[in-house]
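Colleague: Handing you this structure, nothing more for now.
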């Protein structure tokens, strides 16, 4: 606050000094304005006198002219007298003329002086007015600055007061937190001592175990440590695979753009400056187009190499530069494409030079061709840089001494810089080629084929530029991840010694993974621990206890044995009934042989009825519970109606059979339902008895807990009295601190009132 007050005073002094200077300047200007007004009044008085004098002279000239006219009239009457007095009049005229000439000259001189004085006065008046306006605006600005500063200072004072109140509250909370922190530090120190003691004992035990059980430590030797399997970082592997997938997409985009660029360049060479359809092109361009025709055999392997590299990075492998063997193949494909660029570069440059020498090439087109000439050289140089650094990255998988791990970061940063340079070169090529295409459209021999080819080349160059930009930004953004993730190794070791050790490590990793899979056995499904705890009371009071289950199993076994006996009995009964039914059918066939024709006609309808009856019986057997919804009276009525409708004895027997089968199924379902309900009620009764016993036990435990709670209440009341005494002491100390703070606040308020009075005085002085 004191520093702010000091700054305010210094700024007020500067403002006061500026206001005093401006007041002095305005006073001097006012005095100059008064002097100029006085001089102006003098000049106006002189002007008035001159005009009066001029009017007098004009009147005198008029009188003289009248006298001259009278003298001429008199001269006609008396020529003689005129001749005698002509000499006198001539002398008078000459005198008057001289006097008049002098007055006219003096009048002109006075007019000139008056005009100059008037112009000077106007000029001075305009300057003074403009200066006065400037001073008024300055004064208004100074006043606005003073007002804004006063407002700002009042706001700062209010803000400081609010901050002061907040800081007081904060200081109180910090004091409380400090007390809590002291208590926590004491507890933490105690815990630290206990932990140190425990860790010391555990360390001694582990050292004894290591000395007794570990005969050989392979981490001390780098040769043996390189064979150890490092910790598997699945997240790192997934991240690397994702990055490799993105790089593969970018390389595929670049490959398609390069193929289009080389193909459309070949078409362009064949149609400009000489169209191969109408005339033979030069041998140089023929050779150049032949080389460009082979571009796919050099560009496609780049995509294949990157695809193989992406497939080699899986979730189970350890991806470092020593294990990425496929990077060497990608480096070879890049070297072959670089050789292709070096092979076509001289032909491309010569083709551009030949195009410049043709008669169709203008000066502007020649300049664009020379710019493309330089850009193609730069493009080949950029690919040479990229191949150099990629081949360096491929060295650890073949010769690890060729590239140290300390240089990984340097190589990756240079690759990122080369990719950015590649993007810049492609931007220049796109710019210059677009200018070249616009100039070639203005050539009189330009065809539609040339225009479309130029558009295709421009689109391929734009695709190349976008792909290179994406690749450069992608590599720059993930530079730290590449450097960190591709340089880790076994625990305690700096690096892999050789690619052979890395390959052995991968084999050991596969064996370890297979061993862990063989050890891992699928566990049986079990209830989760939390769910088991939640359902503990239900499990204790459930009917699925061992005794109840044993009784239910015994009862069910007895029922099964009875049902088996009944089944055998009814099977025998069914066989006997079947034999009787066959005998009765034979008798009926013999007795009803005369009515054969009628039965044939009736039986044409009976199969459908029989099928319907079978379906109804099957449904009744499958769904015995659903059939209980029909009443017995209704079923009997239905059976009588069916018997009346049935024309034959066999159909009646079938209907009776199906009816009794359905009735038996219904009764058995009712019996099963009644048995299950009785078992369920019995189990519920047992569960209720068990719950009653558990409730009595819980009642006893709750009474004991109630006794303990009453004892705790009495103990807490005693501790409350003790805490009240402590609170009273702390309250007194806080009251003393608050009184001191109030005194300090009063002093601060006094200083603030003094500062406000000073600011008010400064305001009055500035006004």
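Residue numbers (UniProt numbering): 1 to 767.
Glycine included, every Cβ here is placed at the ideal spot set by N, Cα and C.
Values in this document were obtained by computation on a predicted structure and should not be read as measured data.
(1) Secondary structure at residue 517, three-state DSSP: helix, strand or coil?
(2) Can you give me the C-alpha to C-alpha distance between residue 129 and residue 27, rounded to a whole angstrom?
(3) Would residue 397 and residue 321 be called neighbours here (beta carbons separated by less than 8 Å)?
(4) So, with DSSP's three-state summary, where would you put residue 444?
(5) How is the alpha helix (DSSP H) around residue 366 delimited, first residue to last?
(6) Measuring alpha carbon to alpha carbon, tell me which residue in 373, 93 and 38 is nearest residue 121.
(7) Residue 255 lies in the alpha helix (DSSP H); which residues open and close that run?
(8) Report the three-state DSSP secondary structure of residue 318 (helix, strand or coil).
(9) How far does the alpha helix (DSSP H) with residue 355 in it reach, from first residue to last?
(10) Counting pairs of Cβ atoms below 8 Å between the region 294-305 and the region 318-334, do you hit three or more?
(11) For residue 363, tell me which candidate among 392, 435 and 403 has the shortest Cα-Cα distance.
(12) By Cβ distance below 7 Å, which residues in the same chain neighbour residue 289 in space, the five residues on each side in sequence not counted?
(13) Taking C-alpha atoms, which residue in 428, 443, 421 and 11 lies nearest to residue 476?
(14) Compute the distance between the beta-carbons of residue 323 and residue 317, then report whether it is under 8 Å.
(15) How about residue 257 and residue 460: do their beta carbons lie closer than 8 Å?
(16) Using the three-state DSSP reduction, which class does residue 185 fall into: helix, strand or coil?
(17) Whose CA, out of 54, 193 and 287, lies closest to the CA of residue 345?
(18) By DSSP, does residue 313 sit in helix, in strand, or in coil?
(19) Do the CB positions of residue 370 and residue 349 come within less than 8 Å of each other?
(20) Just reading off the alpha helix (DSSP H) that residue 284 is part of, what are its end residues?
(21) Relative to the C-alpha of residue 457, which candidate in 466, 471, 437 and 446 has its C-alpha closest?
(22) Counting C-beta neighbours from all protein chains within 10 Å, is the total for residue 508 16 or more, i.e. buried, or is it exposed?
(23) By Cβ distance, which residues of its chain are closer than 8 Å to residue 182, with the 5 residues on each side in sequence left out?
(24) I think residue 407 touches residue 389, with their Cβ atoms under 8 Å apart; what is that distance to the nearest whole Å?
(25) Just the Cα atoms here: how many angstroms apart are residue 643 and residue 660?
(26) Beta carbon of residue 246, beta carbon of residue 482: below 8 Å?
(27) Which same chain residues end up closer than 7 Å to residue 553 when comparing Cβ atoms and leaving out the 5 residues on each side of it in sequence?
(28) Does the Cβ-Cβ distance between residue 273 and residue 360 come in under 8 Å?
(29) From residue 20 to residue 40, what does the alpha carbon distance come to, in whole angstroms?
(30) For residue 132 versus residue 29, is the C-beta distance shorter than 8 Å?
(31) Compute the minimum distance between the beta carbon of residue 186 and the heavy atoms of the ligand GTP, and state whether it is under 7 Å.
(32) Could you tell me which of 353, 334 and 16 sits nearest to residue 374, measuring between CA atoms?
(33) Counting Cβ pairs, one atom from each stretch, are 3 or more of them under 8 Å apart for the region 378-388 and the region 440-459?
(34) Identify which residue in 440, 463, 478 and 259 has its Cα closest to the Cα of residue 409.
(35) Closest by CA to residue 244, which one among 582, 310, 166 and 571?
Modeller: Taking the geometry as given:
(1) Residue numbering aside, residue 517 sits at position 517 when the chain shown is read from its first letter. The answer is helix: DSSP assigns residue 517 an H, G or I state.
(2) Within the chain shown, residue 129 is the residue found at index 129, counting from 1. Within the chain shown, residue 27 is the residue found at index 27, counting from 1. One C-alpha to the other measures close to 14 Å.
(3) Mapped onto the chain shown, residue 397 falls at position 397. Mapped onto the chain shown, residue 321 falls at position 321. Yes, the Cβ-Cβ distance between residue 397 and residue 321 is below 8 Å.
(4) Your numbering for residue 444 matches position 444 in the chain shown. Three-state DSSP puts residue 444 in coil, outside helix and strand.
(5) Residue numbering aside, residue 366 sits at position 366 when the chain shown is read from its first letter. It spans 363-394 - the alpha helix (DSSP H) in which residue 366 sits, taken as one unbroken run.
(6) Sequence index remark: in the chain shown, residue 121 carries index 121 (1-based). Closest option to residue 121, Cα to Cα, is 38.
(7) Residue 255 sits at position 255 when you count from the first residue of the chain shown. Segment 234-271, the alpha helix (DSSP H) holding residue 255.
(8) Looking up residue 318 in the chain shown gives position 318. Residue 318 falls in the coil class under three-state DSSP.
(9) Residue 355 sits at position 355 when you count from the first residue of the chain shown. Per DSSP, residue 355 belongs to the alpha helix (DSSP H) from 326-357.
(10) yes
(11) Numbered from 1 along the chain shown, position 363 holds the residue referred to as residue 363. The option with the nearest alpha carbon to residue 363 is 435.
(12) On the chain shown, position 289 is the one that residue 289 refers to. Same-chain partners within the cutoff: 266, 269 and 270.
(13) As a first step, residue 476 is located in the chain shown; it is residue number 476 there, counting from the start. Among 428, 443, 421 and 11, the Cα nearest to that of residue 476 is on 421.
(14) On the chain shown, position 323 is the one that residue 323 refers to. On the chain shown, position 317 is the one that residue 317 refers to. Contact: yes.
(15) Working through the chain shown from its first residue, we reach residue 257 at position 257. Working through the chain shown from its first residue, we reach residue 460 at position 460. For residue 257 and residue 460, yes; Cβs fall inside 8 Å.
(16) Taking the chain shown and counting its residues from 1, one reaches residue 185 at position 185. DSSP places residue 185 in helix when its eight states are reduced to three.
(17) Here residue 345 is taken as the residue at index 345 of the chain shown, counted from 1. Per the Cα distances, 287.
(18) Taking the first residue of the chain shown as 1, we reach residue 313 at position 313. Looking at residue 313 - three-state DSSP - the assignment turns out to be coil, as it is neither helix nor strand.
(19) The count along the chain shown starts at 1 and reaches residue 370 at position 370. The count along the chain shown starts at 1 and reaches residue 349 at position 349. No; because the gap between Cβ atoms is not below 8 Å, this pair is not in contact.
(20) Mapped onto the chain shown, residue 284 falls at position 284. Element bounds for residue 284: 283-293.
(21) As a first step, residue 457 is located in the chain shown; it is residue number 457 there, counting from the start. The option with the nearest alpha carbon to residue 457 is 437.
(22) Within the chain shown, the letter at position 508 stands for residue 508. Per the 10 Å Cβ criterion, exposed.
(23) Indexing the chain shown from 1 puts residue 182 at position 182. Answer for residue 182: no residue qualifies.
(24) Residue 407 sits at position 407 when you count from the first residue of the chain shown. Residue 389 sits at position 389 when you count from the first residue of the chain shown. Going by Cβ atoms, the distance from residue 407 to residue 389 rounds to 11 Å, so no, they are not a contact pair.
(25) Walking along the chain shown from the start, residue 643 turns up at place 643. Walking along the chain shown from the start, residue 660 turns up at place 660. A caution first: residue 643 carries a pLDDT of 46, below 50, which makes its placement in the model unreliable, though a value can still be read off. Each residue's alpha carbon lies about 14 Å from the other.
(26) Reading the chain shown from its first residue, position 246 is the one you call residue 246. Reading the chain shown from its first residue, position 482 is the one you call residue 482. No, they are not a contact pair.
(27) Taking the first residue of the chain shown as position 1, residue 553 is located at position 553. Taken in chain order, the list of residues that qualify is empty.
(28) On the chain shown, residue 273 is found 273 positions in, with the first residue counted as 1. On the chain shown, residue 360 is found 360 positions in, with the first residue counted as 1. Against a cut-off of 8 Å, the Cβ pair of residue 360 and residue 273 comes out as a contact.
(29) The residue you call residue 20 lines up with position 20 of the chain shown. The residue you call residue 40 lines up with position 40 of the chain shown. Going by the C-alpha atoms only, they are around 30 Å apart.
(30) To locate residue 132, count along the chain shown from 1; it is residue 132. To locate residue 29, count along the chain shown from 1; it is residue 29. Their beta carbons are under 8 Å apart, which means residue 132 touches residue 29 by this criterion.
(31) By its list of ligands, the structure shown contains no ligand whatsoever, and the ligand GTP lies outside what it can speak to.
(32) Here the question's residue 374 lines up with position 374 in the chain shown. Out of 353, 334 and 16, 353 has the C-alpha closest to the C-alpha of residue 374.
(33) no
(34) The residue labelled residue 409 in the question sits at position 409 within the chain shown. Of 440, 463, 478 and 259, the residue nearest in Cα terms is 478.
(35) Taking the chain shown and counting its residues from 1, one reaches residue 244 at position 244. Among 582, 310, 166 and 571, the Cα nearest to that of residue 244 belongs to 310.
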